[in-house]
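Notes to accompany the following structure.
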Amino acid sequence: RKEVEQDPGPFNVPEGATVAFNCTYSNSASQSFFWYRQDCRKEPKLLMSVYSSGNEDGRFTAQLNRASQYISLLIRDSKLSDSATYLCVVNLVGGKLIFGQGTELSVKP
Amino acid sequence: DTEVTQTPKHLVMGMTNKKSLKCEQHMGHRAMYWYKQKAKKPPELMFVYSYEKLSINESVPSRFSPECPNSSLLNLHLHALQPEDSALYLCASSQEAGAEAFFGQGTRLTVV
Numbered sequence: 001r002k003e004v005e006q007d008p009g010p011f012n013v014p015e016g017a018t019v020a021f022n023c024t025y026s027n028s029a030s031q032s033f034f035w036y037r038q039d040c041r042k043e044p045k046l047l048m049s050v051y052s053s054g055n056e057d058g059r060f061t062a063q064l065n066r067a068s069q070y071i072s073l074l075i076r077d078s079k080l081s082d083s084a085t086y087l088c089v090v091n092l093v094g095g096k097l098i099f100g101q102g103t104e105l106s107v108k109p
Numbered sequence: 110d111t112e113v114t115q116t117p118k119h120l121v122m123g124m125t126n127k128k129s130l131k132c133e134q135h136m137g138h139r140a141m142y143w144y145k146q147k148a149k150k151p152p153e154l155m156f157v158y159s160y161e162k163l164s165i166n167e168s169v170p171s172r173f174s175p176e177c178p179n180s181s182l183l184n185l186h187l188h189a190l191q192p193e194d195s196a197l198y199l200c201a202s203s204q205e206a207g208a209e210a211f212f213g214q215g216t217r218l219t220v221v
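Heads up: the sequence lines are chains F and Z, in that order.
If you use the working numbering, the first sequence closes out at 109, no skipped numbers anywhere.
If you use the working numbering, the second sequence closes out at 221, no skipped numbers anywhere.
This is the structure we're talking about:
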């Protein structure tokens, strides 16, 4: 089993749609969780950290379920500019930041 | 300022060459990372430095040799690479190991 697993993509959605990504992790001792986005041929950029109580930043909502060992990202009212690859990142233990495979999102007009 | 600077942006090297990749941050971060990314794949962790000491080596071949001269700088020394080592090499830093990390733009390496 991979240490961090994500929904396979690609997700093709129309503008204005709501889309959700899930990510599971194998180590129950994992300590911190993040969502990044990566545009083609660019570096990953931090989208948001994921807290136990869940957190929201505008159209983006992140949730953590420690019991089931998964994190999620919800994007509401998708924009064309949201098209990118979304990567979950888990600090497995001791600073080992591991990426999931990434989910490609394509928002169409 | 959340900037991590990597040089060079592009590098072409022969299999017998020795070269170095450089990474710099001035955010006072105490953890720095090297990742390797192949096309259409996620970044793969190579090394983690915490407080200037190597804390994680993900079984990386010895032809890759990291160095952390001080808390702001991270180098990756390359020697006798193979064509399959061609990839985007990303440096990142975070306040502490495992905290939210900020990435440089990467060095696109081609081994010929």
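Idealized CB from N, CA, C, for every residue including glycine.
- Task: Decide if K96 (chain F) is buried, meaning its Cβ has at least 16 other Cβ atoms within 10 Å, or exposed.
- Result: Counting every other CB atom within 10 Å of its CB across the protein chains shown gives K96 (chain F) a total of 16 or more, marking it as buried.
- Within 10 angstroms of the Cβ of Y51 (chain F), are there 16 or more other Cβ atoms? Answer buried if so, exposed if not. Counting Cβ neighbours within 10 Å, Y51 (chain F) comes out exposed, since fewer than 16 surround it.
- Which runs of the beta strand (DSSP E) fall wholly inside the stretch 139-203 of chain Z and span at least 3 residues, in chain order? Counting only runs of 3 or more, we get 140-146, 153-159, 162-166, 173-179, 182-188, 196-203.
- Query: Okay, do the stretch 17-34 of chain F and the stretch 63-79 of chain F touch, 3+ Cβ pairs below 8 angstroms being the bar?
  - Reply: With the cut-off at 8 angstroms, the stretch 17-34 of chain F and the stretch 63-79 of chain F touch.
- Query: From the beta carbon of E3 (chain F), is the nearest beta carbon of chain Z less than 8 angstroms away?
  - Reply: Closer than 8 angstroms: no.
- Query: Should L190 (chain Z) be counted as a contact of the ligand ATP given a C-beta to heavy atom distance under 7 angstroms?
  - Reply: The ligand ATP is not part of this structure, which contains no ligands at all.
- Task: May I ask you to report which of helix, strand or coil DSSP gives S129 (chain Z)?
- Result: Here S129 (chain Z) sits in strand by DSSP.
- Message: Taking CB distances under 8 angstroms as the criterion, tell me whether F21 (chain F) reaches chain Z.
- Response: It does not; no Cβ of chain Z falls within 8 angstroms.
- Message: Suppose you measure from the CA of F173 (chain Z) to the CA of F33 (chain F); what does that come to, to the nearest Å?
- Response: Between F173 (chain Z) and F33 (chain F), the C-alpha separation is close to 28 angstroms.
- Message: Looking at chain Z, is there any beta carbon in it that lies within less than 8 angstroms of the beta carbon of Q101 (chain F)?
- Response: Interface residue, yes.
- Query: Checking contacts by CB at 8 angstroms: is Q214 (chain Z) closer than that to chain F?
  - Reply: Closer than 8 angstroms: yes.
- Which residues in the same chain as G9 (chain F) place their Cβ atom closer than 6 angstroms to its Cβ, once the five residues preceding and following it in sequence are excluded? If we look at G9 (chain F) and ignore the five residues flanking it on each side, its Cβ neighbours are T103, E104.
- Message: Under 8 angstroms: do the stretch 48-63 of chain F and the stretch 166-185 of chain Z share three or more Cβ pairs, one atom per stretch?
- Response: No, the stretch 48-63 of chain F is not in contact with the stretch 166-185 of chain Z.
- DSSP three-state call for S52 (chain F): helix, strand or coil? If DSSP states are grouped into helix, strand and coil, S52 (chain F) belongs with coil.
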